[in-house]
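In what follows, a single structure is set out as structure tokens and then discussed.
Protein chains: 4
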Amino acid sequence: MKVKVFVTGGTFDKEYNELTGALIFKDSHLSEMLKLGRSKIDVDIRTLMMIDSLDMQEGDRKIILDHCKKDPSDKILITHGTDTIVETAKFIAADLQDKTVVLTGAMVPYAFGSSDGLFNLGSALAFAQTLPSGVYVAMNGKYYPADNVRKNKQTGFFEEIK
Amino acid sequence: MKVKVFVTGGTFDKEYNELTGALIFKDSHLSEMLKLGRSKIDVDIRTLMMIDSLDMQEGDRKIILDHCKKDPSDKILITHGTDTIVETAKFIAADLQDKTVVLTGAMVPYAFGSSDGLFNLGSALAFAQTLPSGVYVAMNGKYYPADNVRKNKQTGFFEEIK
Amino acid sequence: MKVKVFVTGGTFDKEYNELTGALIFKDSHLSEMLKLGRSKIDVDIRTLMMIDSLDMQEGDRKIILDHCKKDPSDKILITHGTDTIVETAKFIAADLQDKTVVLTGAMVPYAFGSSDGLFNLGSALAFAQTLPSGVYVAMNGKYYPADNVRKNKQTGFFEEIK
Amino acid sequence: MKVKVFVTGGTFDKEYNELTGALIFKDSHLSEMLKLGRSKIDVDIRTLMMIDSLDMQEGDRKIILDHCKKDPSDKILITHGTDTIVETAKFIAADLQDKTVVLTGAMVPYAFGSSDGLFNLGSALAFAQTLPSGVYVAMNGKYYPADNVRKNKQTGFFEEIK
């Protein structure tokens, strides 16, 4: 059972630039995280973009959707910034029903030590292997169908709408 | 959906005693790990024992099985040392069919920074929420039915038998 | 031998705000760092301000200088942002000759795991205990008199001018 | 000013063997630690042995002493297990007076995240650069002449005898 992983950026992959003091994107930490997790899942990782999800445009979402559609795998994990992860999940769900697509992110960059990223990655990969076809957001140890989730911006936690 | 968590010890919870230089058990790190993972899963954690799984006797396995049976929850996670995690999984599977029981562990103590524990915990909790009734070992990002898994002691990875 | 520690902020104490994604100041990490280092140095810590050193004004430097002058201790450590640490060192050196004042900082926030902060703190406290009266910048494991140091903004390392 | 560094093992360099669950020695972490500390000190590192200091024999101490004597540098740092660090310091002090020799160690392995090692390394290197000729133990942020220090085995902290 192969899981396709699409990297789009987000807090997950932000790093600290010690010369400028800014938070930046360089390479994805996914491979390093999978190695730390001693993962033996058959994954194929492709970076589609490296952006803050607040900067994500409809064109970017079309790129993600196209890759989800064309990829031979029917188990897909997408790493994504949490600010607009729900919008992208809905965008994909509107046009893709026959694959299991799980979007996940992190509230704290993986590179900063005290990150929720490794926990989220573990749970999202497990959900990608076990959930029926559909588009889901996996955060806080739980999974939410794309049409029943929002990020609570006051608490930073995800919750059901209905 | 409540998940019951039984802690039994194992590498997961080992710590370094700086006065003696030995690896010891003190308290479980489960709550701290769930907090780091920003988990919102409804869990109820109970420590049954704090032992190295090489020291686990049949009496200990009966205690674990009894708690699995009696607990009202039908989603159960057990943290366990990896050396005999398969034996305990089989022991439970022989006598309990109507609940989802997921056993997980770690190859490196959580307290040592570069641990697979947080990844394993995330995936095991996801599997506990989604897999059908049965007893499973969750390691290396994957899940294995109790009757089709062994730990490869040369590589430290888990693998299917059949 | 008591060492007075004045905290002024800087990268040392920056944290990641998981709700906004910004780098912010909350409390100083000095006490936590000294505990991790198992320090038995007799220190007295006082936070004077919590600012980015690019925002430091002459008024702020006067506050720091005044505290250095009035404090009964003649061994003083100041934690400071690296961007203007040299300016503050020179400002103090112009008006205070009879105490050992060591300024140090960090290129990566302590909270981000892979920080140089703990190394710098260890060396700066050692220099404060052993160097003769004068004002010094302690970075990169070395000490530099206030009038013979600059930060190389291309490399992020400190170097002698002369 | 070049500092010679002799590595002898000790808790500093212990690692967790994930297959056996034992604490072992592989390579020294000194270079990695100096890189993390962004050190620009001119050092020359040589590993003399990789042993637990409880296993250190008089023959081992002679090897260390010989290297200290023969090395052209008069600034020497020795990393050493804390259990017998004082014995080795005295052994060197009895036969070498004209160099600054600083011994340091760690109570928690560097590889375990919450280690005092980076703090100790920073302070020991600073003491090696600034203290007059003599043999010293640098622990807990302080320095102790070889003839006036003991490890308190109850607390794990070093203290003066006199």
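Protein chains in written order, with the numbering used here: chain A, 1 to 162; chain B, 1 to 162; chain C, 1 to 162; chain D, 1 to 162.
Glycine included, C-beta positions come from ideal geometry on N, C-alpha and C.
Using 8 Å for Cβ pairs, my map puts residue i next to residue j. What's the rounded Cβ distance?
i, j, result
"GLY206 (chain C)", "THR100 (chain C)", "Nothing about residue 206 (chain C) can be read from this structure; chain C reaches only from 1 to 162."
"LEU30 (chain D)", "VAL5 (chain D)", "6 Å"
"LEU125 (chain B)", "ILE41 (chain B)", "6 Å"
"LEU36 (chain C)", "PHE119 (chain D)", "7 Å"
"MET139 (chain A)", "PHE127 (chain A)", "Incorrect: roughly 11 Å between the Cβ atoms, too far for contact."
"GLY10 (chain B)", "GLY81 (chain B)", "3 Å"
"LYS151 (chain A)", "VAL86 (chain A)", "6 Å"
"LYS70 (chain A)", "MET1 (chain A)", "No, LYS70 (chain A) and MET1 (chain A) are not in contact; Cβ-Cβ is about 19 Å, not under 8 Å."
"SER49 (chain B)", "THR8 (chain B)", "First, the residue type needs correcting, since residue 49 (chain B) is Met and not Ser in the sequence shown. Their Cβ separation, rounded to whole angstroms, is 5 Å, which keeps MET49 (chain B) and THR8 (chain B) in contact under 8 Å."
"SER28 (chain C)", "THR47 (chain C)", "5 Å"
"GLY117 (chain A)", "PHE12 (chain A)", "5 Å"
"THR130 (chain D)", "LEU131 (chain C)", "6 Å"
Taking CB distances under 9 Å as the criterion, tell me whether residue i reaches chain D.
i, result
"GLU18 (chain B)", "yes"
"ASP124 (chain C)", "In the sequence as displayed, the identity of residue 124 (chain C) is Ala instead of Asp. Judged by the 9 Å Cβ criterion, ALA124 (chain C) is in contact with chain D."
"ILE41 (chain C)", "yes"
"LEU23 (chain B)", "yes"
"ASP27 (chain B)", "no"
Using a Cβ-Cβ distance cut-off of 9 Å, determine whether residue i contacts chain B.
i, result
"PRO109 (chain D)", "yes"
"ARG38 (chain A)", "yes"
"LEU121 (chain A)", "yes"
"ASP55 (chain D)", "no"
"ASP52 (chain D)", "yes"
Taking 9 Å as the CB-CB limit, is residue i close to chain C?
i, result
"THR11 (chain D)", "no"
"LYS153 (chain A)", "yes"
"LEU30 (chain D)", "no"
"LYS35 (chain A)", "no"
"LYS14 (chain A)", "yes"
Taking 9 Å as the CB-CB limit, is residue i close to chain A?
i, result
"THR8 (chain B)", "no"
"GLY59 (chain C)", "no"
"LEU131 (chain B)", "yes"
- Residue ranges of each beta strand (DSSP E) within the region 37-121 of chain C, 3 or longer: The beta strand (DSSP E) runs of length 3 or more contained entirely in the region 37-121 of chain C are, from start to end of the chain, 42-51, 75-79 and 100-104.
- Item | Given 8 Å, three or more beta-carbon pairs between the region 82-96 of chain B and the region 16-26 of chain A | no
- Task: Give a yes or no on contact between the region 105-114 of chain B and the region 102-112 of chain A, applying the rule of three or more CB pairs nearer than 8 Å.
- Result: no
- Query: Touching or not, the region 145-158 of chain C and the region 51-60 of chain D, by the rule of three or more beta carbon pairs under 8 Å?
  - Reply: no
- Message: Beta carbons nearer than 8 Å to chain C: which residues of the region 95-119 of chain A have them?
- Response: MET107, VAL108, PRO109, ALA111, PHE112, GLY113 and SER114
- Task: Name, going along the chain, the residues of the region 73-92 of chain C whose beta-carbon falls closer than 9 Å to a beta-carbon of chain D.
- Result: none
- Message: Give me the subset of the region 135-161 of chain D whose CB atoms are less than 9 Å from a CB atom of chain B, sorted by chain position.
- Response: Of all residues in the region 135-161 of chain D, LYS153, GLN154, THR155 and GLY156 have a Cβ within less than 9 Å of some Cβ in chain B.
- Query: Whole beta strand (DSSP E) runs in the region 6-32 of chain B with 3 or more residues, listed along the chain?
  - Reply: 14-16 and 23-25
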